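By this note's numbering, the letter at position 99 of the sequence shown is numbered 104, and the numbering carries on one by one without gaps. Even for Gly, the Cβ is constructed at its ideal location relative to N, Cα and C. Computed from a prediction, not measured in an experiment: that's the story for all the values here.
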Amino acid sequence: MTERDPDLERVPGTEDGYRIDGRLFGQPGRVAVYVLDTPKPAVIDTGTADTTPDVVRAALEELDIARDEVAHLIPTHVHLDHAGGAGELARACPNATVHCHERGIDFLTDPELLEKLKRSVERALGMEAPYGDPDLVPAERARAIRDGDTIDLGDRTLEAIDAPGHAPHQACFFDGTTDTMFVADAAGMLLEGDLSPATQPPNFDLEDAVSTVRRLQTFDPETLCYPHFGVATDATARLETYEAMLPEWVETVAAAAETTDDPLEIANDLREEWGSMGLEGDVAGVLQYLEETGDTRRSDTE
């Protein structure tokens, strides 16, 4: 791809890392997939079933990576804007292993669980197949990963980091050679340079989310690669900002909920300060958390 093409950009601080624009809902700058052009090539996150596989195939061709050379497909969690393209890309890359968190992998390989996941997304977004119709991942090509597991890139490894909070089936991945961290949705969203919360239902948990951000800081990364959507080279500052943002965001939604429990109404009131992409979903996730916890706070978030 040419310098003018925004779909493929090198990750700062790396010689072989690239960000691809996965075109969420056909729009640029909303969902990213990362390709590592290593001896054993890897694709981190697989985007949506409807748009992302095509742009990944095009990027692999531009990078001169044969599809049968791709060794790893790595959805960071099973939300379908991150894992929806896994089945189709597994078919396109016949020698790749699909690595996913042990709490989520079955949703990609079991037809009943995948159908349940699809219905859940449709209910949440109020749309039929909002991310396309995902294909199953062949079970024999799937690997359940746990905290501390590694993925062999040929010249180095990626370390998996259990990262609950946004979702219990979420993992981040750290490349200690380049000090690059693929943060899933554990560090929020970085859209047009601004951080915003990632607290979608049904599993957002404030305490787990804050603990995860604190743990990510212990790896001392230099670069953060966000699936939504940017790349940050001021990693420490971004993680510290998000650690402080999470409880503030929850308190803001809790205060707004004293007047209305309508996520869209609350989101519309908060967009100017908190951003717009999927904000009503982030509000809904906090409202569900508040209901389930009885609006309690533990001191470890203060």
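{"Item": "Start-to-end residues for the beta strand (DSSP E) that takes in V103", "Value": "T102 to H106"}
{"Item": "Rounded separation between L275 and H233 - CA only", "Value": "19 Å"}
{"Item": "Contact the segment 265-281 vs the segment 190-202: 3+ CB pairs below 8 Å", "Value": "yes"}
{"Item": "Simplified DSSP state of L229, which is helix, strand or coil", "Value": "strand"}
{"Item": "Per DSSP, cross-strand counterpart(s) of L41", "Value": "G22 and A47"}
{"Item": "Proximity test, Cβ basis, 9 Å: H171 and chain C", "Value": "Here chain C cannot be found, since the structure has a single protein chain."}
{"Item": "Cβ-Cβ separation, A176 to T43 (assumed contact under 8 Å), whole Å", "Value": "Not a contact, Cβ separation roughly 19 Å."}
{"Item": "Distance between A289 and T264 (C-alpha atoms, nearest Å)", "Value": "15 Å"}
{"Item": "For H77, three-class secondary structure by DSSP", "Value": "strand"}
{"Item": "Proximity below 9 Å, CB of H308 to CB of D180", "Value": "Because residue 308 is not part of the residues shown, which for the chain are 6 to 307, the question remains open."}
{"Item": "Rounded Cβ spacing between A172 and V142 (contact assumed at less than 8 Å)", "Value": "About 18 Å separates the two Cβ atoms, so there is no contact after all."}
{"Item": "Cβ neighbour criterion (16 or more within 10 Å) applied to D55", "Value": "buried"}
{"Item": "Sufficient close CB pairs (3 or more, under 8 Å) joining the segment 54-72 to the segment 27-44", "Value": "yes"}
{"Item": "Best match in E93, L292, E14 and R72 for proximity to T51 [C-alpha to C-alpha]", "Value": "E93"}
{"Item": "N-terminal and C-terminal residue of the alpha helix (DSSP H) that E277 is part of", "Value": "P268 to W279"}
{"Item": "Nearest neighbour of L119, chosen from A97, A91, G131 and T102 [CA to CA]", "Value": "A91"}
{"Item": "Beta-ladder partner(s) of M186, from DSSP", "Value": "F179 and L229"}
{"Item": "Residues of its chain near G109, where Cβ-Cβ distance is below 7 Å and the 5 sequence neighbours each way are ignored", "Value": "H82, V83 and H174"}
{"Item": "Classification of E285 by the beta-carbon crowding that lies within 10 angstroms, buried from 16 upward", "Value": "buried"}
{"Item": "Cβ-based burial, L158 [other Cβ within 10 Å; buried from 16]", "Value": "buried"}
{"Item": "Nearest candidate by alpha-carbon position, reference E248, set D140, R220, S125 and A262", "Value": "R220"}
{"Item": "CA-to-CA distance, G153 to A71, given in whole angstroms", "Value": "29 Å"}
{"Item": "Reduced DSSP secondary structure (H/G/I, E/B, other) of F112", "Value": "helix"}
{"Item": "Environment of G31 [buried if 16+ CB atoms lie within 10 Å]", "Value": "exposed"}
{"Item": "Where A71 falls: helix, strand or coil (DSSP)", "Value": "coil"}
{"Item": "Where the alpha helix (DSSP H) containing T257 begins and where it ends", "Value": "A240 to A261"}
{"Item": "Extent of the continuous alpha helix (DSSP H) to which D287 belongs", "Value": "L284 to T298"}
{"Item": "Three CB pairs or more closer than 8 Å across the segment 250-266 and the segment 207-224", "Value": "yes"}
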